[in-house]
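If you count by numbering that gives the first Met the number 0, then the sequence shown holds residues 0 to 129, one letter each, in order.
Cβ coordinates follow ideal geometry from the N, Cα and C atoms, glycine included.
Take a look at the structure below.
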Amino acid sequence: MKNINPLYIAVLSVVLFFFSEHVLNNKKEELKEVAKELQNTKKLALDLNRLKKEYSKRIYLQNILNNKFVKKSLVVTRQKSKTVIKSNRLDSRQLNFIFNKILNARFNINKLDIQKTDKNHAKLYMEILW
0 MKNINPLYIA
10 VLSVVLFFFS
20 EHVLNNKKEE
30 LKEVAKELQN
40 TKKLALDLNR
50 LKKEYSKRIY
60 LQNILNNKFV
70 KKSLVVTRQK
80 SKTVIKSNRL
90 DSRQLNFIFN
100 KILNARFNIN
110 KLDIQKTDKN
120 HAKLYMEILW
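Shown next as structure tokens:
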């Protein structure tokens with residue numbers, strides 16, 4: 000059996016070393032790209048979660064305001080960044096209903112003005128920001 004030249008073994012080792020370095024660098028670049036995609040996906044997931052919560056709050060508020068008990072007494076103005084709720088005459092039960100529902104939920108109330116008109120009725124002005 001003939002002997003293998005040590006020069007061939009050295010050249011093969013150098014070629015394998017450079018090949019493995021090349022593959023390793025490609026894998027590192029792929030890993031960086033995947034990490035960036037993961038960060039983008041996390042940001043997207045957080046944004047979607049925030050939007051979902053905001054939408055569910057809006058639906059919850061809409062359900063409260065469309066309740067038959069208080070609907071005819073309220074004037075609701077919806078804008079992009081806020082909802083304005085007005086009423087010139089709410090009785091104490093209706094006012095209690097509205098505040099039990101709205102204040103127990105997490106709404107960003109910008110302005111709240113309640114004025115007593117007579118013994119059992121009040122005037123209401125409320126701004127809820129989104």
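- Secondary structure at Lys26, three-state DSSP: helix, strand or coil? helix
- Item | Buried/exposed call for Gln116, threshold 16 Cβ in 10 Å | For the record, residue 116 in the displayed sequence is Thr; it is not Gln. When all chains shown are included, Thr116 counts as exposed.
- beta strand (DSSP E) segment containing Arg88, residue limits: 81 to 90
- With Lys81 and Leu128 assumed to form a contact (beta carbons below 8 Å), what rounded beta-carbon distance in angstroms separates them? 5 Å
- Task: Taking Lys67 as part of the alpha helix (DSSP H), name the residues at either end of that continuous run.
- Result: 67 to 70
- If you draw a straight line from the C-alpha of Val83 to the C-alpha of Met125, how long is it? 6 Å
- Mind checking which residues open and close the beta strand (DSSP E) that includes Ala121? 120 to 128
- Query: Would the beta-carbon of Leu89 fall within 8 Å of that of Ala121?
  - Reply: yes
- Message: Pull the bridge partners of Leu111 from the DSSP assignment, please.
- Response: Met125
- Query: beta strand (DSSP E) containing Thr116: first to last residue?
  - Reply: Thr116 -> no beta strand (DSSP E), and no H or E assigned at all.
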